[in-house]
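There are 2 protein chains.
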Amino acid sequence: MAKPTVISLDAMGGDDAPDIVVDGIRLNRVQYPDVRYLLYGDQAILKPMLDADLRQAVEIRHTDQVVGPNDKPSHALRRGKKTSMRLAIDAVVNGEASGVVSAGNTGALMAISKFVLRTLPGIERPAICGFLPTIRGECVMLDLGANVQCDSDNLVQFAIMGADFCRAVLGRERPLVGLLNVGAEELKGSEEVKAAARVLSEEDLFFDYYGFVEGNDIAAGTVDVVVTDGFSGNVALKSHEGAAKLLMHSLKVALESSLTSKLGYLLAKGAFERLRDRMDPNGYNGGVFLGLNGVVVKSHGGANADGFASAIRLAIDMVQDGMIDRIKADFQNLVGETPVTAGEADE
Amino acid sequence: MAKPTVISLDAMGGDDAPDIVVDGIRLNRVQYPDVRYLLYGDQAILKPMLDADLRQAVEIRHTDQVVGPNDKPSHALRRGKKTSMRLAIDAVVNGEASGVVSAGNTGALMAISKFVLRTLPGIERPAICGFLPTIRGECVMLDLGANVQCDSDNLVQFAIMGADFCRAVLGRERPLVGLLNVGAEELKGSEEVKAAARVLSEEDLFFDYYGFVEGNDIAAGTVDVVVTDGFSGNVALKSHEGAAKLLMHSLKVALESSLTSKLGYLLAKGAFERLRDRMDPNGYNGGVFLGLNGVVVKSHGGANADGFASAIRLAIDMVQDGMIDRIKADFQNLVGETPVTAGEADE
Numbered sequence: 008m009a010k011p012t013v014i015s016l017d018a019m020g021g022d023d024a025p026d027i028v029v030d031g032i033r034l035n036r037v038q039y040p041d042v043r044y045l046l047y048g049d050q051a052i053l054k055p056m057l058d059a060d061l062r063q064a065v066e067i068r069h070t071d072q073v074v075g076p077n078d079k080p081s082h083a084l085r086r087g088k089k090t091s092m093r094l095a096i097d098a099v100v101n102g103e104a105s106g107v108v109s110a111g112n113t114g115a116l117m118a119i120s121k122f123v124l125r126t127l128p129g130i131e132r133p134a135i136c137g138f139l140p141t142i143r144g145e146c147v148m149l150d151l152g153a154n155v156q157c158d159s160d161n162l163v164q165f166a167i168m169g170a171d172f173c174r175a176v177l178g179r180e181r182p183l184v185g186l187l188n189v190g191a192e193e194l195k196g197s198e199e200v201k202a203a204a205r206v207l208s209e210e211d212l213f214f215d216y217y218g219f220v221e222g223n224d225i226a227a228g229t230v231d232v233v234v235t236d237g238f239s240g241n242v243a244l245k246s247h248e249g250a251a252k253l254l255m256h257s258l259k260v261a262l263e264s265s266l267t268s269k270l271g272y273l274l275a276k277g278a279f280e281r282l283r284d285r286m287d288p289n290g291y292n293g294g295v296f297l298g299l300n301g302v303v304v305k306s307h308g309g310a311n312a313d314g315f316a317s318a319i320r321l322a323i324d325m326v327q328d329g330m331i332d333r334i335k336a337d338f339q340n341l342v343g344e345t346p347v348t349a350g351e352a353d354e
Numbered sequence: 008m009a010k011p012t013v014i015s016l017d018a019m020g021g022d023d024a025p026d027i028v029v030d031g032i033r034l035n036r037v038q039y040p041d042v043r044y045l046l047y048g049d050q051a052i053l054k055p056m057l058d059a060d061l062r063q064a065v066e067i068r069h070t071d072q073v074v075g076p077n078d079k080p081s082h083a084l085r086r087g088k089k090t091s092m093r094l095a096i097d098a099v100v101n102g103e104a105s106g107v108v109s110a111g112n113t114g115a116l117m118a119i120s121k122f123v124l125r126t127l128p129g130i131e132r133p134a135i136c137g138f139l140p141t142i143r144g145e146c147v148m149l150d151l152g153a154n155v156q157c158d159s160d161n162l163v164q165f166a167i168m169g170a171d172f173c174r175a176v177l178g179r180e181r182p183l184v185g186l187l188n189v190g191a192e193e194l195k196g197s198e199e200v201k202a203a204a205r206v207l208s209e210e211d212l213f214f215d216y217y218g219f220v221e222g223n224d225i226a227a228g229t230v231d232v233v234v235t236d237g238f239s240g241n242v243a244l245k246s247h248e249g250a251a252k253l254l255m256h257s258l259k260v261a262l263e264s265s266l267t268s269k270l271g272y273l274l275a276k277g278a279f280e281r282l283r284d285r286m287d288p289n290g291y292n293g294g295v296f297l298g299l300n301g302v303v304v305k306s307h308g309g310a311n312a313d314g315f316a317s318a319i320r321l322a323i324d325m326v327q328d329g330m331i332d333r334i335k336a337d338f339q340n341l342v343g344e345t346p347v348t349a350g351e352a353d354e
């Protein structure tokens, strides 16, 4: 029998931790009965939360230190060596676990992951990658905020990692990748974006390069992978969230405006609930840090148990797909073919 | 009696020109009976379109040259001196009109406007400014795509122009202005954004500086004016459009999923139509070029007559508010107080 998948969890990160973490594990027990978990946090709190079934899958690793939601990343990195977040990441570098999930402080999780796990050969900077709903289903987008300024090499590296992630979690064998820009015309856009487009057009890669996409293409599902710098990616992601909230709010106001429309609402209630579920960020929960020597999933701090469960599933999917090795291999294949990654790929 | 407001119109720009242009004038006749129009385009086509009422308000200025939707801006600028777009802009610099509206090629309109009208003293680069719907009503955002890379001086200038625009068209006497960033914490964001924030925090201005806002704050209506570079602004604008389309599509799919929800839809139909109207870009039509010696409104190329009518109203509102003089005065007031604009403000 194959070695079981082991996921380490920061039990203490997130607004509703540790409840969402333990419940998140429970929600995945049926689908993934063989996965094992290392649960880092306060055992006095965690132990009573485990029922007989969970005790089969979970090993508690005690620590009473935590990274606070407002701790500076540099502080968490230097002073937080016994925190639940740090120990959960250490478990990946020690080989005890293959992936880590935390709903804690994003900046600290990125800083510690980068320091402990290091970037993969050929990759200068890790990126945050996540899902967005589209008319055709969903797409992945990166970077969502780890790097506010990116050069063309970074963007090309994001394209490769994003395509590997898309293949691993959405099962698209040959993902279609687009570069976010302000216009489809070749003359528009920043120099970085234009230079990255030239490399992606010329290289023979394992994915298809679509060309430039604009903000409206994200939700239209024009491509499987949207590549951009962390500033624009974060703006786009949060603009989608804001627009979705505005529409759900406006819909509510419109439906409450008359007795007839209220009655209509009651009849169509199931449909509205499906719509709300589809737009619910918990269904798409999990920002993934790509480019590191290990699987790291950042759950939204405000996630509920369903959201945390989906973040855990994401980690399991990446581990079981062997995504990290694929990214490594894809960068190895590029060595010598493009100057973009050759400098760092020969460790 | 005061001199009547005169608006010059590029009759030939836009997918459905000149019909939308003439119908757009007609739709504003009741609200603005005293406004006069200079209509640039092919008189053989335009003349038969004017009824007795329109002939009272409109003067046709014949030309058979047009700027094509795919013409390069540089080409339109050098070779298009007799085009309907160029002549309509010339009317502003000649003093015959106080503002110009076109649904034609955005790049060409910007290039010609910049060349013909020049930027106002103290302003390095014009910006494209527009409206977005919010939970509280609407906000204005700039730059929407004229300048893909901006320094902190540009951002500060956009803040001032955006606040003046907001005051002119939304009637908010002391607008609340925010800088788009990837996080509200002061340590996040690019150097340009952080430097602009320092200037806006320290200056005593005619508007209130809110601080940093994120993508979701746009639709939440956190501020009246969202300031950002043209890359992020364009991405945010189009992300909102894409997300709104996705939601309307998902709503339709959800409502068609069962007989009961279809019946519910029929009862609540009026409510859905109000929602669609609210999200309809034609209601918010008109990107404004701010920072020039004259009012320039760019209507969406795919606008219908309602959309073009609202672009005309926007031009009228700015002219009648005296917005250009206010922007000039606001930059004059800054001279000597801040190094940001002092260099160019003493023409």
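Top to bottom, those sequences are chains A and B. Count along the first sequence from 1, then add 7; that gives the number in our numbering. Count along the second sequence from 1, then add 7; that gives the number in our numbering. In this text, a Cβ means the ideal position worked out from N, Cα and C, and glycines have one as well.
Start and end of the beta strand (DSSP E) containing residue i?
i	result
A/MET148	144 to 149
B/ALA59	Segment 59 to 64 is the alpha helix (DSSP H) holding B/ALA59; no beta strand (DSSP E) there.
A/LYS305	302 to 305
B/VAL230	Element bounds for B/VAL230: n/a, residue is neither H nor E.
A/LEU53	It is not in any beta strand (DSSP E) - A/LEU53 instead sits in the alpha helix (DSSP H) that spans 50 to 53.
Using the three-state DSSP reduction, which class does residue i fall into: helix, strand or coil?
i	result
B/GLY185	strand
B/THR235	coil
B/LEU127	coil
B/ARG86	helix
A/LEU45	strand
A/LEU212	coil
A/ALA18	coil
A/CYS173	helix
A/ARG283	helix
B/GLN156	coil
A/GLN5	The shown model of chain A, from 8 to 354, leaves out residue 5 of chain A, and the question about it has no answer.
B/SER81	helix
B/ALA202	helix
B/VAL37	coil
So residue i packs on residue j, CB below 8 Å; how close in whole Å?
i	j	result
B/GLY293	B/GLY137	7 Å
A/SER81	A/GLY20	That belief does not hold up - the Cβ atoms of A/SER81 and A/GLY20 are roughly 18 Å apart, past 8 Å.
A/VAL13	A/LEU45	6 Å
B/LEU94	B/ARG68	6 Å
A/VAL100	A/GLY298	15 Å between Cβ atoms; not a contact.
B/SER246	A/GLY222	4 Å
A/GLY240	A/LEU151	5 Å
Taking CB distances under 7 Å as the criterion, tell me whether residue i reaches chain A.
i	result
B/GLY102	no
B/HIS256	yes
B/SER159	no
B/PHE165	no
B/LEU16	no
B/LEU151	no
B/LYS245	yes
B/THR267	yes
B/ARG283	no
Are the C-beta of residue i and some C-beta of chain B separated by less than 7 Å?
i	result
A/GLN339	no
A/LEU116	no
A/TYR272	yes
A/VAL155	yes
A/ILE119	no
A/GLU180	no
A/GLU248	yes
A/VAL242	yes
Quick one: give me the first and last residue of the alpha helix (DSSP H) that residue i is part of.
i	result
B/LYS269	266 to 274
A/THR113	113 to 124
A/VAL100	91 to 100
Drop a sphere of 10 angstroms on the beta-carbon of residue i, count the other beta-carbons inside from all chains shown, and report buried for 16 or more, exposed for fewer.
i	result
B/GLU248	buried
A/GLY144	exposed
A/LEU333	Looking at the sequence provided, one finds Arg at residue 333 of chain A rather than Leu. Answer is buried; the Cβ neighbour count reaches 16.
A/LEU266	exposed
A/GLY102	exposed
B/PHE122	exposed
B/TYR51	According to the sequence shown, residue 51 of chain B is Ala rather than Tyr. When all chains shown are included, B/ALA51 counts as exposed.
B/GLY350	Note on B/GLY350: pLDDT 41, under 50, position unreliable in the model; no value is reported.
Residue i: beta carbon under 6 Å from a heavy atom of the ligand FMN?
i	result
A/VAL206	As presented, the structure is devoid of all ligands, the ligand FMN included, so that no description of it is given.
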